[in-house]
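In the numbering used here, the protein residues as written are 54 to 492.
Think of the CB as a built atom: it goes at the ideal place given N, C-alpha and C, for glycine as much as any other residue.
Just so you know, these numbers come straight off a predicted model, no measurement behind them.
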């Protein structure tokens, strides 16, 4: 950009960007290294704030003039009414002067609300990648409902309409969105408008106090029926007795019965989710590490949901006996991630896993790939493992009402080698899976 304009970055002015060749800028920006790009974005943000402050000062002057005009009209009307009363005329009862429209905040309130999404993200740099994806989904859904109206014109009815839309919107697997999903998407929208209010972009927060409508009896019963749960023992057997694990026809026919067992990423993904309790987004770049005689699945670099989720999970004996370590080490040596996919690995594996569940007849809305995480928790507690260790293995915050509350937050989320060995020694499978073992 400095080359195009003949200036250094610190010399740029907002007016320099008027009428610039956007295609050329984009091509040049794509060539910048991360440090230069960060410096440029920081300076442009400063210019934007400076310009916004200048416009805001002008807007405050306009607002003051409007208020003065309103007061003048009111005083003039009041004087007329008092004069009419003093003459004894049969005047009509006093009529309140029309209210002047409420100002939207500063001039930024005249801009379409979607233009504030990126500034909102810049002011919230700590959001995890998965949380950013969720926020963007909420904002896309909101735009479907209310369009791209000026942020200062968005009102409480718009947000209520959005909440109602979420309750009536079908989910990806049929049925309606879960209450938790509705609350999460609505909270993202509330965060955006709360931020705009705190930044004095708008005078009132239209989302404040808006909650999803309460469910009726039918919806409540449906929600309880479809609440996400762990797999039953019968469903675990059905998954690991399907042709993918018992013998398939060919690499392209994994669910047709045959005599081929292909131990590759597709084979190990569900097994790893089942025996680690890891989230789908945590597995693609996971690593195997050793410490003091304990083998771990290391999720410290891939788990991003919260600080507690950065953890290591002990590699349990049943997973080790499937040949998983040998396979994973070979992948690492060849320079490949544990579970490779396209740019969005999480979506790849989530869709593939849920599709497999549907294909083998486990298609109830209450079970998804995430059900392996619930199942892992049940297997650990069913093996008599202390709740504190279970929470650390899952990267969970201690839930209210149990004696482990606060332990993870105070003493950290990690498991020690001794604790990892304790889990390995005491873990028991709820169903036999001997046909998977080769070691």
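| Check | Outcome |
| --- | --- |
| Identify which residue in 162, 171 and 412 has its Cα closest to the Cα of residue 309. | 412 |
| When you compare the CB positions of residue 445 and residue 376, do they come within less than 8 angstroms of one another, or not? | no |
| Is it buried or exposed for residue 241, if we count other Cβ within 10 angstroms and need 16 for buried? | buried |
| Which two residues bound the contiguous beta strand (DSSP E) that contains residue 341? | 340-344 |
| Between the region 466-486 and the region 363-381, are three or more C-beta pairs nearer than 8 angstroms? | yes |
| Leaving aside the five residues before and after residue 162 along the sequence, list all residues of the same chain whose C-beta is less than 7 angstroms from its C-beta, in chain order. | 203, 204, 205, 254 and 255 |
| Between which two residues does the beta strand (DSSP E) holding residue 248 run? | Taken as a continuous stretch (DSSP letters only), residue 248 belongs to no beta strand (DSSP E), being part of the alpha helix (DSSP H) at 232-251. |
| Which stretch, first to last residue, makes up the alpha helix (DSSP H) that contains residue 441? | 440-447 |
| Can you tell me which of the three DSSP states residue 459 falls into? | Its pLDDT being 45, under 50, residue 459 is placed unreliably in this model, and the value from its coordinates should be taken loosely. Three-state result, residue 459: coil. |
| Beta-carbon separation of residue 505 and residue 248 under 8 angstroms? | Outside the shown range of the chain, which is 54 to 492, sits residue 505, and nothing can be said about it. |
| DSSP state of residue 229, grouped into three classes? | strand |
| Quick one: any contact between the region 314-329 and the region 282-298, if contact means 3 or more CB pairs under 8 angstroms? | yes |
| Name the two residues that bound the continuous alpha helix (DSSP H) containing residue 382. | 377-386 |
| How would you label residue 235, buried or exposed, when you count the other beta carbons within 10 angstroms and need 16 or more for buried? | buried |
| Under the DSSP definition of a beta bridge, which residues are partnered with residue 314? | According to DSSP, residue 314 bridges with nothing at all. |
| If you follow the beta strand (DSSP E) that residue 351 is in, where does it begin and where does it stop? | 347-351 |
| State the DSSP-derived secondary structure class of residue 489, mapped to helix, strand or coil. | helix |
| Tell me, to the nearest whole angstrom, how far the beta carbon of residue 420 is from that of residue 282; I am working on the premise that it is less than 8 angstroms. | 7 angstroms |
| By Cβ distance, which residues of its chain are closer than 7 angstroms to residue 463, with the 5 residues on each side in sequence left out? | Reliability of the predicted coordinates at residue 463 is poor, the pLDDT of 42 falling under 50, and the value obtained from them is presented with this limitation in mind. There are no such residues. |
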